[in-house]
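Q: Quick one: the structure is below, and I'll ask about it shortly.
In full-length UniProt numbering, the protein residues as written are 1 to 298.
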């Protein structure tokens, strides 16, 4: 956009001379919604110790650097659950849509277990030890409203204005609600009886459907899987053609997750590798080099 490629109605008010009128640039932002749900744990040896104590964290880092041992050997989460809303229910039909997932083996939401407090909206409590389950809407409604990225100024060092529009569809909110309920059901298993003490914070107060929805809306954030703002596609919805070339330009491709026309029902690292490998092939074979790519609708 700073270079003059984007929606003319957005560029001109910023004093940017349009080079290519491409309305799709900056639109169609999608991400997976992330929500950290925490319980007080009957332990004094959670990873919360590292987050509160800089000295202990430095010692753990040194231990890992010297011989690859210690608490930093642990991943952020070593247990994942990929779950579906039961097919036998009329969950999606009640919203007047079909199942948004790619297939019967694809998850609607994800659970990630982690042995410490985690939240993107609430600071780490000064005391206590925690067990958390991150709930993620991994199969957002398609097509969902999506968000957008716009310019804040003409200074390239100024952060843009990002509107993720998370949970913009009532179906996405309902999927997250089911994910939280699944997390709650998971920790009621007898295995957890000596470890889980109680739900913590606003989570503990979300005891009705209305309170649960309010908790979800107030505490959800992005999982940092943004895609789609320079998407492949036809007509005005597409900023790129199928060869990843920017429409209305010569010799310009986009090779990152912004090229996805929709967000995968998965973490985005693997699909981005696939896109990059395809792009490498297109570049090496010179596919479309030297040709002007048609503008929106071309």
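Yeah, the Cβ is synthetic: ideal placement off N, Cα and C, and Gly gets one too.
Given the structure is predicted, the values throughout are model-derived calculations rather than measurements.
For residue 66, does the three-state DSSP call read helix, strand or coil?
A: Translated into the one-based positions of the chain shown, residue 66 becomes position 66. Correct three-state label for residue 66: helix.
Q: Going by the CB atoms, is the gap between residue 244 and residue 259 shorter than 8 Å?
A: As a working mapping, residue 259 is identified with position 259 in the chain shown. As a working mapping, residue 244 is identified with position 244 in the chain shown. Their beta carbons are under 8 Å apart, which means residue 259 touches residue 244 by this criterion.
Q: Select from 14, 91, 10 the residue whose C-alpha is nearest the C-alpha of residue 27.
A: Within the chain shown, the letter at position 27 stands for residue 27. Ranking 14, 91, 10 by Cα distance to residue 27 puts 10 first.
Q: Among 80, 81, 82, 61, whose alpha-carbon lies nearest the alpha-carbon of residue 73?
A: Indexing the chain shown from 1 puts residue 73 at position 73. Of 80, 81, 82, 61, the residue nearest in Cα terms is 61.
Q: Counting along the chain, where does the beta strand (DSSP E) carrying residue 197 start and finish?
A: As a first step, residue 197 is located in the chain shown; it is residue number 197 there, counting from the start. Here the beta strand (DSSP E) through residue 197 covers 196-199.
Q: Which residues in the same chain as residue 16 place their Cβ atom closer than 6 Å to its Cβ, once the five residues preceding and following it in sequence are excluded?
A: Here residue 16 refers to the residue found at position 16 of the chain shown. The residues are 4.
Q: When the Cα of residue 84 is compared with those of 247, 251, 268, 179, which residue comes out closest?
A: On the chain shown, residue 84 is found 84 positions in, with the first residue counted as 1. Comparing Cα-Cα distances from residue 84 to each of 247, 251, 268, 179, the minimum goes to 179.
Q: Given a cut-off of 8 Å on the beta-carbon distance, is the pair residue 29 and residue 249 in contact?
A: Numbered from 1 along the chain shown, position 29 holds the residue referred to as residue 29. Numbered from 1 along the chain shown, position 249 holds the residue referred to as residue 249. No, they are not a contact pair.
Q: Quick one: what does DSSP say residue 274 is sitting in, helix, strand or coil?
A: Translated into positions along the chain shown, residue 274 becomes position 274. In the structure shown, residue 274 sits in a helix (DSSP, three-state: H, G or I).
Q: Leaving out the 5 sequence neighbours to the left and right, which residues in its chain are closer than 6 Å to residue 23 when beta-carbon positions are compared?
A: Along the chain shown, one-based indexing puts residue 23 at 23. Within the same chain, residue 23 has close Cβ partners 7, 236.
Q: CA-CA distance, residue 37 and residue 287?
A: Along the chain shown, read from residue 1 onward, the residue named residue 37 stands at position 37. Along the chain shown, read from residue 1 onward, the residue named residue 287 stands at position 287. Those two C-alpha atoms are separated by around 48 Å.
Q: Going by DSSP, what residue range makes up the beta strand (DSSP E) through residue 38?
A: Taking the first residue of the chain shown as position 1, residue 38 is located at position 38. From DSSP, the beta strand (DSSP E) with residue 38 extends over 33-41.
Q: With a CB to CB cut of under 6 Å and the five nearest residues on each side skipped, what residues in its chain are close to residue 70?
A: Residue 70 sits at position 70 when you count from the first residue of the chain shown. Excluding residues within five positions, the ones whose Cβ falls inside 6 Å are 60, 63, 64.
Q: What are the boundary residues of the beta strand (DSSP E) that includes residue 113?
A: Along the chain shown, one-based indexing puts residue 113 at 113. From DSSP, the beta strand (DSSP E) with residue 113 extends over 109-114.
Q: Taking all protein chains shown into account, decide if residue 313 is buried (16 or more other Cβ within 10 angstroms of its Cβ) or exposed.
A: With the chain represented from 1 up to 298, any question about residue 313 goes unanswered, as that position is not in the structure.
Q: May I ask you to list the residues that DSSP assigns as paired with residue 6?
A: By one-based count along the chain shown, residue 6 stands at place 6. Its beta-bridge partners are 21.
Q: On the DSSP letters alone, give me the boundaries of the beta strand (DSSP E) that residue 148 sits inside.
A: Position 148 of the chain shown, counted from the start, is the residue given in the question as residue 148. Start and end: 148-150.
Q: Going by the beta-carbon positions, is the gap between residue 222 and residue 166 smaller than 8 Å?
A: Along the chain shown, read from residue 1 onward, the residue named residue 222 stands at position 222. Along the chain shown, read from residue 1 onward, the residue named residue 166 stands at position 166. Cβ atoms of residue 222 and residue 166: closer than 8 Å.
Q: Would you please state the rounded distance, in angstroms, between the beta carbons of residue 82 and residue 110? I believe it to be under 8 Å.
A: Residue 82 sits at position 82 when you count from the first residue of the chain shown. Residue 110 sits at position 110 when you count from the first residue of the chain shown. Their Cβ separation, rounded to whole angstroms, is 6 Å, which keeps residue 82 and residue 110 in contact under 8 Å.
Q: So, under 8 Å CB-CB, residue 226 and residue 31 are touching, yes? Tell me the CB distance rounded to an integer number of Å.
A: For this step, residue 226 is matched to residue 226 along the chain shown. For this step, residue 31 is matched to residue 31 along the chain shown. Sure, about 5 Å apart at Cβ, within 8 Å.
Q: Is the beta carbon of residue 262 less than 8 Å from the beta carbon of residue 171?
A: Counted from its first residue, the chain shown places residue 262 at position 262. Counted from its first residue, the chain shown places residue 171 at position 171. No, the pair does not count as a contact, with Cβ atoms beyond the cut-off.
Q: Roughly how far, in whole angstroms, is the beta-carbon of residue 77 from the beta-carbon of residue 195, given that I think they are within contact range, below 8 Å?
A: As a working mapping, residue 77 is identified with position 77 in the chain shown. As a working mapping, residue 195 is identified with position 195 in the chain shown. With 8 Å as the limit, residue 77 and residue 195 do not qualify as a contact, their Cβ atoms being about 16 Å apart.
Q: Which same chain residues end up closer than 6 Å to residue 163 when comparing Cβ atoms and leaving out the 5 residues on each side of it in sequence?
A: Within the chain shown, the letter at position 163 stands for residue 163. So the qualifying residues of the chain are 147, 148.
Q: Please state if the CB of residue 35 and the CB of residue 191 are separated by a distance shorter than 8 Å.
A: Here residue 191 corresponds to residue number 191 of the chain shown, with the count starting at 1. Here residue 35 corresponds to residue number 35 of the chain shown, with the count starting at 1. Not closer than 8 Å, so no.
Q: To the nearest angstrom, how far is the alpha carbon of residue 54 from that of residue 102?
A: As a working note, residue 54 is residue 54 in the chain shown. As a working note, residue 102 is residue 102 in the chain shown. Roughly 44 Å separates the two Cα atoms.
Q: Can you tell me whether residue 269 is helix, strand or coil according to DSSP?
A: Taking the chain shown and counting its residues from 1, one reaches residue 269 at position 269. In this structure, residue 269 counts as helix in the three-state DSSP scheme.
Q: Does DSSP classify residue 186 as helix, strand or coil?
A: Walking along the chain shown from the start, residue 186 turns up at place 186. Note: residue 186 maps to helix in three-state DSSP.
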